[in-house]
Amino acid sequence: MADDGVGQIYVPVAGPVALPSRRAADRVGKSLAQAPLSFGRALLDLVYPPGCMACSGPTAASGGLCAACWTRLRFVTPPVCDRLGTPLPVDLGPGLLSPEALANPPVYRRARAVACFDEGPAQALVHRLKYGDRPDYARVLGLWMAQAGASLLDEADVVVPIPLHARRLWRRRFNQAAQLARSVSRAAKKPLDLDGLVRVKATLSQVGMTRAQRAENIQGAFRVAPAAAGRFRGRRVVLVDDVLTTGATVNAASRVLLRDGAATVDVLVFARVVTAG
């Protein structure tokens, strides 16, 4: 018999009385269990009015952007370069490559991003996540990333974050890429690997470095953990980071994963630098 959400139990004299089925009762139970959380969030919003994640201006609900920041956030939308994921001026069909991808093919297969990294809301969101002690931002940003990288994640076997060196992890207290990867993994329902790829070299901050300087700085920074040797063999990996600039970091990490036997490595970031022309 089909479960229509209502079962019947017969009581003498009183006649049939409709009672909720087990499935319907479970749904009610979950709703009741979530009610205190919803009430608590509403109460918190009353005491601490929700603010924009990028500028702290007023918003209707927590965990979002104000109208001004939303309109200023430059989303990466098709058409894009099939390899680098950078915006293209015109749509000439699938599989189109940008001049940059043809001149400097990346080690990874494909990259996708939510937004262009500039001095607007995208930068503010990343800086608050990394330097403003807001690891909770990763939940929302990771959901956006899962949507932007859906084509990569559909084919993926595992999600892997760019690791931090132990010294930097101790100073920052959390790895923003790992937090984003956790959110992406949960949204896409894909396995998450947090310890297979490790950072063995304490690199300098790459802010302000040229492409060549970044490549030299990151050389030898990654390896597959000895206990994880061969773990990525034959697996399709989605490598997660917060920002993609020249690609030096994700190229170095991709090279290590491919040497361990990964079938493919794709890259998913929240924001990427897009140069004019």
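Going by our numbering, the first residue of the sequence shown is number 705, and it counts up by one from there.
Each residue gets a CB set at the ideal place from its N, CA and C atoms; glycine is no exception.
Simplified DSSP state of residue 820, which is helix, strand or coil: strand
The stretch 852-864 in contact with the stretch 930-940 per 3-pair CB rule at 8 Å: yes
Residue of 913, 917, 894 and 900 minimising C-alpha distance to residue 958: Comparing C-alpha distances from residue 958 to each of 913, 917, 894 and 900 shows the shortest one belongs to 900.
Residue 817 burial status per 10 Å Cβ neighbour count (16 or more: buried): Counting the other Cβ atoms within 10 Å of the Cβ of residue 817 gives 16 or more, which makes it buried.
Exposure of residue 647, with buried meaning 16 or more beta-carbon neighbours within 10 Å: The structure shown does not extend to residue 647, since the chain spans only 705 to 981, so no value can be given for it.
Beta carbon of residue 942 nearer than 7 Å to that of residue 857: yes
Beta-bridge partners of residue 936, as assigned by DSSP: DSSP lists no beta-bridge partner residue for residue 936.
Residues near residue 882 in its chain [Cβ-Cβ closer than 7 Å; skip 5 each side]: 865 and 898
Inter-residue spacing [alpha-carbon to alpha-carbon] between residue 755 and residue 924: 42 Å
Spatial distance of residue 724 from residue 890 (CA atoms): Only weak support exists for where residue 724 lies, its pLDDT of 39 falling under 50; the value from the coordinates is given anyway. Each residue's alpha carbon lies about 32 Å from the other.
7 Å Cβ cutoff met for residue 910 and residue 918: yes
DSSP three-state assignment for residue 815, whether helix, strand or coil: strand
Own chain partners of residue 839 with C-beta closer than 8 Å, once the 5 adjacent residues on each side are dropped: 833, 878, 880 and 883
Close beta carbons around residue 874, own chain, < 6 Å, minus the five adjacent residues each side: none
Backbone secondary structure at residue 976 - three-state DSSP: Strand, per DSSP.
Collapsed DSSP secondary structure at residue 858 in the structure displayed: helix
Residues near residue 887 by beta carbon distance below 6 Å, same chain, minus five either side: 842, 843 and 846
Residue closest to residue 829, alpha-carbon to alpha-carbon, out of 922, 757, 930 and 931: Among 922, 757, 930 and 931, the Cα nearest to that of residue 829 belongs to 757.
According to DSSP, residues forming a beta bridge with residue 968: Beta-bridge pairing links residue 968 to 940.
Distance CB(residue 786)-CB(residue 767) smaller than 7 Å: The answer is no: Cβ separation not under 7 Å.
Three-state class that DSSP yields for residue 726 in the structure shown: At residue 726, the pLDDT of 41 sits below 50, so the modelled position is not reliable; the number obtained from the coordinates is stated separately. Looking at residue 726 - three-state DSSP - the assignment turns out to be helix.
Beta-carbon proximity check, residue 971 vs residue 815, cutoff 7 Å: yes
CB-CB length for residue 769 against residue 824, believed under 8 Å: Rounded, the Cβ-Cβ distance is 11 Å, inconsistent with contact.
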